[in-house]
Structure formats: structure tokens, C-alpha cells
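S.K.:
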Amino acid sequence: MAARNKYVNKLHGKHIVIFGGSSGVGFCVAEASIEHGASVTILSSDPKKVDAAQARLLASYPEAKDRVRGLTIDLGAPDVEDQLVSLFEKLQPFDHIIFTAGTFKFDSEDWTQPRADLDRIRNTANVRIIAPFLIAKHAPKYMASNSPACSITLTSGATAERPMGQGMAMHTMYSTGLYGLAKNLCLDIAPVRVNLVSPGPIDTELWDTIPDKEMMFTHLKEKLPIKEIPTPENVAEAYIYCMKDRGLTGAIISTHGGGILV
Numbered sequence: 004m005a006a007r008n009k010y011v012n013k014l015h016g017k018h019i020v021i022f023g024g025s026s027g028v029g030f031c032v033a034e035a036s037i038e039h040g041a042s043v044t045i046l047s048s049d050p051k052k053v054d055a056a057q058a059r060l061l062a063s064y065p066e067a068k069d070r071v072r073g074l075t076i077d078l079g080a081p082d083v084e085d086q087l088v089s090l091f092e093k094l095q096p097f098d099h100i101i102f103t104a105g106t107f108k109f110d111s112e113d114w115t116q117p118r119a120d121l122d123r124i125r126n127t128a129n130v131r132i133i134a135p136f137l138i139a140k141h142a143p144k145y146m147a148s149n150s151p152a153c154s155i156t157l158t159s160g161a162t163a164e165r166p167m168g169q170g171m172a173m174h175t176m177y178s179t180g181l182y183g184l185a186k187n188l189c190l191d192i193a194p195v196r197v198n199l200v201s202p203g204p205i206d207t208e209l210w211d212t213i214p215d216k217e218m219m220f221t222h223l224k225e226k227l228p229i230k231e232i233p234t235p236e237n238v239a240e241a242y243i244y245c246m247k248d249r250g251l252t253g254a255i256i257s258t259h260g261g262g263i264l265v
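Numbering of the sequence shown is given in this note's numbering, commencing with residue 4 and proceeding in unit increments.
#1: What is the C-beta distance between V32 and G24, in whole angstroms, given that I count them as a contact (C-beta under 8 Å)?
#2: Please classify G18: is it buried, with 16 or more other beta-carbons within 10 angstroms of its beta-carbon, or exposed?
#3: Under 6 Å Cβ to Cβ from A35, same chain only, skipping five residues before and after it: list those, please.
#4: For the structure I just gave you, are there three or more beta carbon pairs, one from the segment 52 to 59 and one from the segment 185 to 195, closer than 8 Å?
#5: To the nearest angstrom, how far is it from the Cα of D85 to the Cα of R72?
#6: In this structure, does DSSP put R70 in helix, strand or coil?
#7: Below 8 Å on the Cβ atoms is my contact criterion, and I expect S154 with V197 to pass it. Report the Cβ-Cβ distance as a whole number of Å.
#8: Can you grab the Cα-Cα spacing for the pair T127 / M176, in whole Å?
#9: Let me make sure I understand the geometry here. Which of L264, L223 and S178 has the alpha-carbon closest to that of I255?
#10: How would you call M218, buried or exposed, if buried means at least 16 neighbouring beta carbons within 10 angstroms?
#11: If we require 3 or more residues per run, which beta strand (DSSP E) segments fall completely within the segment 9 to 54?
#12: Quickly, what does DSSP pair M146 with across the bridge? List them, please.
#13: Taking Cβ to Cβ, would you say I21 is nearer than 8 Å to I101?
#14: What's the C-alpha gap between I266 and G27?
#15: With a cut-off of 8 Å on the beta carbons, I'd call R70 and S47 a contact; round off their distance for me.
#16: Could you give the DSSP three-state label for L60: helix, strand or coil?
#17: Per DSSP, N198 is paired with what?
#18: Is T258 helix, strand or coil when you go by DSSP?
#19: When the Cα atoms are used, what is the spatial distance from K9 to K247?
#20: With H, G and I counted as helix, E and B as strand and the rest as coil, what does DSSP make of G253?
#21: Could you tell me the alpha carbon to alpha carbon distance between N149 and K224, rounded to whole angstroms?
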């Protein structure tokens, strides 16, 4: 007779490290991982956000107090490579890495193609492109095994498949670059798996600074085939799948509500 819970227990006892785990999708991946019986380490550059997120997780899952940890790391710092090595030495062994760090501040036009200066372009690239590359460079030697049981899952965006529009070349550049990075890293660090989740619009705090957020979301709801804005809780399921399927590597998991089709 088949073992009970052999599917839902695939992450039980695993250690999952989540860059960007203090908010949004990363936080929901932490919640889902805890519910699957895993231990989580959430990472952010803001110690206050880490403390707040850790407190929220412990309030929701008091039984998991020994399975939740929060630490800070500055992925944009000049010494980020040294920080990553020290971090991995402290956290080893771990089974999976989730990378959801790096966002745009939508309350400013300074990230649009006409106004973005070189410092902003470089600083954003350091977090969104260079940091994932360095993580993949060092993480495998600290993972629980050199096998497809371990994985790294990156995050891009649906703009890689369909650009958002005029002025968004910088955003599209990073998103598209991450597609190529994930596909080649799965060869570079095999048999450890590398995949990428590519979301469309998600109703997270990232959008809260936009004055016309409600108007924009109303328009998106009318446009998207699913007629609703995906939530981070829904999108988190894609990351859980990437960790659980040992046959999945070099894959792009698109979860955009059908937005690239309309």
C-alpha cells in the first residue's frame, strides 16, 4: 500500500532559505514552507522588516518556533560575496534557496528608461542579477546534498515575455536576463536544480505607494482572463512546486493570470 502523505511531506524536515522573505511573495513562500513541515530562514536588508516578519510567522505558527529564523544581508553591498559565504557557512546545510529579493519603487519615475541614471541601473542589477549569480556560485557546496533533491528558484517577471510598455526597458532587461541566467545555471551547478518563477501583477505592498493603485487594479481585473489580481499566496504555490519536483530544472514557471495573452 502506498505511504500516506508521501506527496505533502516532500518538504518535511527540509531547510529553505528565502532571500526577500520578509514581505510579499517571499513571505508567503515562508508560510507555505512552514505548513509543509520545513524550517525557514528569511532574509532581508532591513532588520525591522525581518523582525516583523519573523513575529508574524511565529504568531501564525507558534508550533514552528524552532523552525523559523530571520537574518539580514545587504545584497547591494560591495562585499556581498563575502556576506553570502559567511551566511551560507552559518546556515549550512540547507536544501532549497528561494530568491524573491529586489523590487522597483513604483512611486518614482527614476527607474524608467528616460530617467534612470547609471548608478540606479548598476545598483538594481547588483541585487536582481549579480546577487543570484553569486548565490549560485557559492551555495551548492553548503547544500544538504549535491543532487536534484536541492534547488535554487529565482524570480523574474512577465515583462520578459511581453514588455510593459514605453520607458520600461530597464525592467525588461533584468527580467529577460534572469531567464537566461536560470537556464544556464541549471547546467553549471547540476545536479542541483535551478528554476525561475515569472509572475505578472501581484497584489502586494509593492504597489501601495501608487496614488492610483485602485484604478490600475480595476483596469487589470477587466483585462486579465482570470478577472482578478493574483495574490502572493497563490503565486507562492509555484515556488513550492519548483522545490518538490525533482525532475524540474531549467524551467520557467509563468504565473501571470493570462496577462501576456491580452
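Positions of the beta carbon are idealized from the N, C-alpha and C atoms, including for glycine.
M.R.: Looking at the atomic coordinates:
#1: 7 Å
#2: Residue identity check: residue 18 is His in the sequence provided, not Gly. Buried, because 16 or more other Cβ atoms sit within 10 Å of the Cβ of H18.
#3: A239 and I243
#4: These segments do not touch.
#5: Rounded to the nearest angstrom, the gap between the Cα atoms of D85 and R72 is 21 Å.
#6: Coil at R70, not helix or strand.
#7: 7 Å
#8: 11 Å
#9: S178
#10: Residue environment analysis places M218 among the exposed positions, since fewer than 16 neighbouring C-beta atoms fall within 10 angstroms of its C-beta.
#11: 18 to 22 and 42 to 47
#12: Per DSSP, F97.
#13: Cβ atoms of I21 and I101: closer than 8 Å.
#14: Outside the displayed range of the chain (4 to 265) lies residue 266, so it cannot be described from this structure.
#15: R70 to S47, Cβ: 18 Å. No contact.
#16: helix
#17: T156
#18: strand
#19: One Cα belongs to K9, the other to K247, and the distance between them is close to 11 Å.
#20: coil
#21: 43 Å
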